[in-house]
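J.: Residue numbers (the numbering used here): 1 to 246.
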Amino acid sequence: MDFESLIDNNKLPRHIAIIMDGNGRWAKSKGRPRVMGHRAGVKTVRRITEACAKLGIEYLTLYAFSTENWKRPAFEVDALMRLLVETIHKEIKVLNKNNIRLRTIGDLDGLPARSRDAMRKAIRETASNDRMQLTLALNYSGRWEIVRAARAIAEAAREGHLTPDELDADRFASFLCTRDMPDPELLIRTSGETRLSNYLLWQLAYSEFYFTEIFWPDFMEKDLYEAIYVFQQRERRFGKTSEQLK
Ligand code: IPE
Ligand code: IPE
Ligand code: MG
Numbered sequence: 001m002d003f004e005s006l007i008d009n010n011k012l013p014r015h016i017a018i019i020m021d022g023n024g025r026w027a028k029s030k031g032r033p034r035v036m037g038h039r040a041g042v043k044t045v046r047r048i049t050e051a052c053a054k055l056g057i058e059y060l061t062l063y064a065f066s067t068e069n070w071k072r073p074a075f076e077v078d079a080l081m082r083l084l085v086e087t088i089h090k091e092i093k094v095l096n097k098n099n100i101r102l103r104t105i106g107d108l109d110g111l112p113a114r115s116r117d118a119m120r121k122a123i124r125e126t127a128s129n130d131r132m133q134l135t136l137a138l139n140y141s142g143r144w145e146i147v148r149a150a151r152a153i154a155e156a157a158r159e160g161h162l163t164p165d166e167l168d169a170d171r172f173a174s175f176l177c178t179r180d181m182p183d184p185e186l187l188i189r190t191s192g193e194t195r196l197s198n199y200l201l202w203q204l205a206y207s208e209f210y211f212t213e214i215f216w217p218d219f220m221e222k223d224l225y226e227a228i229y230v231f232q233q234r235e236r237r238f239g240k241t242s243e244q245l246k
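Take a look at the structure:
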């Protein structure tokens with residue numbers, strides 16, 4: 001089916017979040033080292049970023065490296081960090097050409113200096129682009145982010161900038177890394193896993209989840225269009241009854 005032509009442009013999600021999963025298994029299925037899967041995964045990032053920008057998606061947030069991913073073998077972590085630097089250097093031009101702003105969420109200070117510097121440079125050099133915001137979750141986890149917010153809130157309270165009764169969901173969210181983004185309406189996870197793996201725990205409270213068996217390196221534009229089409233068929237009730245929405 002040609003899902004692209006079925007997409008309702010007036011009902012696009014503003015923000016899509018993706019857990020890019022299955023690089024390792026994709027490589028293994030071809031008898032190749034896991035790192036080859038990550039290289040192939042970078043191509044999918046490029047493809048899906050461009051497709052989202054063309055559609056008119058405003059925010060795309062990709063899970064690139066979790067705080068738990070440090071537990072992987074050192075050579076895989078090293079390869080991922082090197083791939084990150086290499087990719088960022090190459091992509092700045094393309095991002096600028098496509099008017100895409102790059103951001104990150106996560107603990108950049110915990111990355112190797114070279115990766116951190118490359119990211120900061122790319123963030124700086126794309127800062128005035130405003131067609132779409134591409135956010136990489138790097139050394140990120142939802143619990144890390146929530147604990148960090150709670151600490152900042154405690155600090156603000158101690159300094160007298162905030163009283164406990166002033167704290168509500170909106171104020172809390174203003175302490176998160178995503179403070180200036182809308183919550184994702186749609187979460188996509190590839191590779192058949194059906195868990196959150198510590199991604200955007202606060203922000204995904206009312207998102208629609210879409211799981212596909214396809215490994216990330218094989219995830220094509222048409223698969224993105226299908227996910228968006230399926231999302232558009234869902235009824236988002238936010239606690240109300242179906243009748244109330246009519
Ligand atoms: C996702 O693919 C990429 C990262 C976590 C960096 P995986 O590397 O998790 O691939 P699988 O899940 O082992 O197949
Ligand atoms: C989640 O994928 C993190 C990223 C995609 C970067 P993982 O492959 O690390 O998740 P688990 O460990 O299988 O839950
Ligand atoms: Mg995985």
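Ideal Cβ placement from N, Cα and C applies to all residues, glycine included.
Is residue 223 buried or exposed, if buried means 16 or more other CB atoms sit within 10 Å of its CB?
T.: That one is buried.
J.: Give every residue whose Cβ lies closer than 5 Å to any heavy atom of ligand 1, listed in chain order.
T.: That gives 21, 22, 23, 24, 25.
J.: Output needed for residue 11: all residues of its chain with C-beta closer than 8 Å, excluding positions within five of it in sequence on either side, in chain order.
T.: The answer, listed in chain order, is 232.
J.: Does residue 42 pass the burial test, meaning 16 or more other C-beta atoms within 10 Å, or should it be called exposed?
T.: It counts as buried.
J.: Can you say whether residue 21 is buried or exposed, counting buried as having 16 or more other CB atoms within 10 angstroms of its CB?
T.: Counting Cβ neighbours within 10 Å, residue 21 comes out buried, since at least 16 surround it.
J.: Which one of 243, 140, 230, 245 has the shortest CA to CA distance from residue 3?
T.: The residue with the shortest Cα to Cα distance from residue 3 is 230.
J.: Report yes if the C-beta of residue 16 is less than 7 Å from at least one heavy atom of ligand 2; otherwise report no.
T.: No, the beta carbon of residue 16 sits no closer than 7 Å to any heavy atom of ligand 2.
J.: For residue 231, does the three-state DSSP call read helix, strand or coil?
T.: Looking at residue 231 - three-state DSSP - the assignment turns out to be helix.
J.: Can you confirm whether the region 157–172 touches the region 40–54 when touching is taken to mean that 3 or more C-beta pairs between the two stretches lie within less than 8 Å?
T.: As far as the Cβ criterion goes, the region 40–54 does not touch the region 157–172, which means the pair count is below three.
J.: Is any heavy atom in ligand 2 found nearer than 7 Å to the beta carbon of residue 7?
T.: False, no ligand heavy atom lies under 7 Å from that Cβ.
J.: Rounded to whole angstroms, what is the Cα-Cα separation between residue 5 and residue 160?
T.: Answer to the nearest angstrom: the Cα atoms are 54 Å apart.
J.: Counting Cβ pairs, one atom from each stretch, are 3 or more of them under 8 Å apart for the region 138–158 and the region 86–93?
T.: With the cut-off at 8 Å, the region 138–158 and the region 86–93 do not touch.
J.: My output table needs one value for residue 161: the three-state DSSP class, helix, strand or coil.
T.: Residue state, collapsed to three classes: coil.
J.: For ligand 2, is there a heavy atom less than 7 Å away from the beta-carbon of residue 219?
T.: False, no ligand heavy atom lies under 7 Å from that Cβ.
J.: Please report how far the alpha carbon of residue 258 lies from the alpha carbon of residue 149, in whole angstroms.
T.: The structure shown does not extend to residue 258, since the chain spans only 1 to 246, so no value can be given for it.
J.: When DSSP labels each residue in this structure, what does residue 132 get in the three-state scheme?
T.: Of the three classes helix, strand and coil, the one that applies to residue 132 here is strand, per DSSP.
J.: Which of the three DSSP states is assigned to residue 225 in this structure?
T.: In the structure shown, residue 225 sits in a helix (DSSP, three-state: H, G or I).
J.: Does the CB of residue 182 have a neighbour CB from chain B at under 8 Å?
T.: Absence of chain B from the displayed structure is noted, only one protein chain being present.
J.: Rounded to whole angstroms, how far is the Cβ of residue 58 from the Cβ of residue 103, which I believe are closer than 8 Å?
T.: The Cβ separation is near 12 Å, so there is no contact.
J.: Specify, as a first and last residue, the run of the alpha helix (DSSP H) that residue 75 falls within.
T.: Where residue 75 is concerned, the enclosing alpha helix (DSSP H) stretches over 74–97.
J.: Buried or exposed for residue 216, going by 16 or more other Cβ atoms inside 10 Å?
T.: Buried is the call here.
J.: So, are the CB atoms of residue 124 and residue 100 less than 8 Å apart?
T.: No, the pair does not count as a contact, with Cβ atoms beyond the cut-off.
J.: Quick one: is residue 206 buried, meaning 16 or more other Cβ sit within 10 Å of its Cβ, or exposed?
T.: Per the 10 Å Cβ criterion, exposed.
J.: What does residue 66 pair with, by DSSP beta-bridge criteria?
T.: For residue 66, which the question treats as bridged, DSSP gives the partners 140.
J.: So, helix, strand or coil for residue 243, using DSSP?
T.: If DSSP states are grouped into helix, strand and coil, residue 243 belongs with the helices.
J.: Which of helix, strand or coil does DSSP assign to residue 4?
T.: Here residue 4 sits in helix by DSSP.
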